[in-house]
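Inspection log for the structure reproduced underneath, given as structure tokens.
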Amino acid sequence: MSDIVAFNSVAEEAAPKAQTDRVIAGPRGRKPRRALSGRNIMIYGTLIVVALYYLLPLYVMVMTSLKGMPEIRLGNIFAPPVEITFEPWVKAWASACTGLNCDGLSRGFWNSVRITVPSTIVSIAIASVNGYALANWRFKGAELFFTILIVGAFIPYQVMIYPIVIVLREMGIYGTLTGLIIVHTIFGMPILTLLFRNYFAGLPEELFKAARVDGAGFWTIYFKIMLPMSLPIFVVAMILQVTGIWNDFLFGVVFTRPEYYPMTVQLNNIVNSVQGVKEYNVNMAATILTGAVPLFVYFVSGRLFVRGIAAGAVKG
Amino acid sequence: MAGHTQSSGRPNQWLRNLNAKIASVPMILTAVVIFLGGTIWTVVYSFTNSKLLPRLSFVGLDQYERLWDAPRWLVSVQNLAIYGIFSLIFSLVIGFVLAALMDQKIRFENTFRTIMLYPFALSFIVTGLVWQWLLNPEFGIQSVVRSLGWETFTFDPLYNADIVIYGILIAALWQGTGLVMCLMLAGLRGIDEDIWKAARVDGIPMWKTYIFVVIPMMRGVFITTLVIIASGIVKVYDLVVAQTSGGPGIASEVPAKYVYDYMFQAQNLGQGFAASTMMLITVAIIIVPWAYLEFGGGRKRV
């Protein structure tokens, strides 16, 4: 069943291809002509309009978050603020209300940190060792379980949620951060294991064999040879997990209690709460704050993000 | 569960690759207990009349009959169908056209790609809330256009039960087309340059080359993209919660939300299990033909 890998191939090829071929190839082998040809105007015109469409929501978010409420009621959403105020940001962070609590998004932010960091570390640790075992220490039956795991990645979470609730309740960790960390580890496993398995399988086999001949065992080879050679894939896996777990909503709602709600859940509660006057500027500031972490990861990691999400799109 | 590892009969079979087996324990547990066991558990309990707590008193297909009689479920399924069909078509078309444009040796390709993909980094909750704001009839796009002089301009998809699902679709496309573009671009970059040269020598117009030569060659990429989009569609939940909470009324309900609401709020587990089993069947219908095409037909790729 090793050709399940094929599914991943597009994603794996995406990044390096795009990088190297850009200068050399492209489908039309002609060299660029005059800058202002009709064709160029059409292409760039379309792309610029499209880019504006994609940027518009971000622009509106930022502008709204910097306005006072009177200005929002009067002005249009595209107009830049006449008077810039950071009060909505302060309020969103420190004093916006969800239910009975009025300590803003800060609580949700720290909950998300406390969820994301251990989930990322644990899931990557488990999946990397597992992927290594699958790639280099094949044992009978492993492929069957692996196939179940990959097929399982396509099953809607809703089908498995309730049995997990029961299992966690029996273990006494339903509603706690530990429970949620385990859930993220479980659902991160298919794609991460696939990622690591493919990566380790792609490393030159001679390395592994030479180490075996020298008498190195399972763990020695993993820590001394495989791990140092695999930094890029670890970074990709990390990006994938950090953004995925940070952005999760469903698991956060189902598996935690209000005091442990991650940022996304808290944000939704703040914005969609029915009572009180709607403070759109505070809502938008809160929305930007919640999106800030994945956006930061996206802009810093650049091409590695593309690899990560392309590989992980299966999970989403 | 790993019983057949032993089947060769030699006692030391179990100890071979012991470390690898230990390392695989979490995977095996997840695969068998959670994915396989959990799924079977839910399917089995969908035939019971579990209410507040799961209990094994079987009632046959009662839950399914009730499900398909429930107006809310029918609306959910209808919404998912509309959302699914349009989101598949638009994602693929927009994604491909953008990728084709990006593939014309343009300058600032990196900048354009960064801009188109950044929404994908954001969660559905964030996406939903932003678009809730943009589509707000009192302040958003409708009010801006009205203030420019078109007094009767109406664009309030999130407040109009007839078109609310399209309002959700707009946000979904904003979030997801960047990824499709990236996948398509990777596919286009994989096409041999000689194909283009040959087509040009033969005097075939560019659009014809795309439709009759390039797209058929990108079959693999299209299928992969299709499966990714489709399995995402079935799960759509966060976006609806953030944008409309299923409203106005029940106009924008989706199956995933039905499942959640019945399991954790209406305390009607049987309905939740039956609805989630229907979701499972939908996914199976998508996945099985794909798996057959990919793995069944001749095993070309290794």
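Line by line, the protein sequences are chains S and G. Following my numbering from start to finish, the first sequence increments by one per residue and tops out at 682. Following my numbering from start to finish, the second sequence increments by one per residue and tops out at 321. By construction, the Cβ of each residue, glycine as well, lies at the ideal position given by its N, Cα and C atoms.
If you draw a straight line from the Cα of glutamine 632 (chain S) to the Cα of serine 639 (chain S), it comes to about 10 Å.
Taking the Cα positions, alanine 118 (chain G) is about 7 Å away from cysteine 201 (chain G).
Nearest neighbour of phenylalanine 241 (chain G) by Cα position, chosen from G:Leu34, G:Asp81, G:Ser110 and G:Tyr64, turns out to be G:Ser110. In the three-state reduction of the DSSP assignment, glycine 268 (chain G) falls in the coil class, being assigned neither a helical nor a strand state.
Interface annotation, glycine 56 (chain G): in contact with chain S, CB-CB separation under 8 Å. Listed along the chain, the chain S residues whose CB falls inside 7 Å of the CB of tyrosine 281 (chain G) amount to none; the nearest CB is some 10 Å away. Within chain G, the C-beta atoms nearer than 9 Å to that of asparagine 613 (chain S) come from Ala140, Leu141, Ser142, Phe143, Ile144, Val145 and Asp257, in chain order. A distance below 6 Å between beta-carbons, with the five flanking residues on each side excluded, links methionine 237 (chain G) to the following residues of its chain, in chain order: Gly206. Cysteine 468 (chain S) places its beta carbon 8 Å or farther from that of serine 478 (chain S). Contact of arginine 74 (chain G) with chain S by beta-carbon distance below 8 Å is absent, the smallest such distance being about 12 Å. The beta-carbon distance between alanine 499 (chain S) and proline 556 (chain S), rounded to whole angstroms, is 15 Å. This is too long to meet the 8 Å contact definition. Under the three-state reduction of DSSP, phenylalanine 77 (chain G) is assigned to strand. Taking CB atoms only, lysine 40 (chain G) has a neighbour in chain S less than 8 Å away. At a C-beta separation below 7 Å, methionine 236 (chain G) has no neighbours in chain S, since its nearest C-beta there lies roughly 11 Å away.
Sequence-distant partners of phenylalanine 617 (chain S) (beyond 5 residues in either direction) whose C-beta falls short of 7 Å from its own C-beta, in its chain, are Leu546, Val549 and His550. Chain S places a beta carbon closer than 8 Å to that of isoleucine 53 (chain G), counting this residue as a contact. Per DSSP, arginine 563 (chain S) is one residue of the alpha helix (DSSP H) stretching across 543-568. Under the 8 Å criterion on CB atoms, asparagine 649 (chain S) is classed as interfacial with respect to chain G. Around the beta-carbon of isoleucine 407 (chain S), fewer than 16 other beta-carbon atoms lie within 10 Å, marking it exposed. DSSP, reduced to helix, strand and coil, places threonine 464 (chain S) within a strand of the structure shown. Per DSSP, the unbroken alpha helix (DSSP H) holding aspartate 257 (chain G) starts and ends at 257-262. In this structure phenylalanine 127 (chain G) is exposed. Its beta-carbon is surrounded by fewer than 16 other beta-carbon atoms within 10 angstroms. Counting C-beta pairs with one atom in each stretch, the stretch 663-678 of chain S and the stretch 128-141 of chain G have three or more that are closer than 8 Å, which means they touch. Identification of chain G residues near asparagine 564 (chain S) by a Cβ-Cβ cut-off of 7 Å yields none; the smallest Cβ-Cβ distance measures about 13 Å. With contacts defined as CB atoms closer than 8 Å, isoleucine 521 (chain S) and leucine 141 (chain G) fail to qualify as a contacting pair.
Per the coordinates, the alpha-carbon of proline 598 (chain S) lies some 15 Å from the alpha-carbon of alanine 567 (chain S). The CB of asparagine 36 (chain G) comes closer than 7 Å to the CB of Trp503 and Phe505 in chain S, given here in chain order.
Between serine 271 (chain G) and isoleucine 187 (chain G), the gap from beta carbon to beta carbon is short of 8 Å. S:Val483 is the residue among S:Ser596, S:Tyr523 and S:Val483 whose C-alpha sits nearest the C-alpha of leucine 543 (chain S).
Residue state for threonine 67 (chain G) is assigned as strand, using DSSP reduced to three classes.
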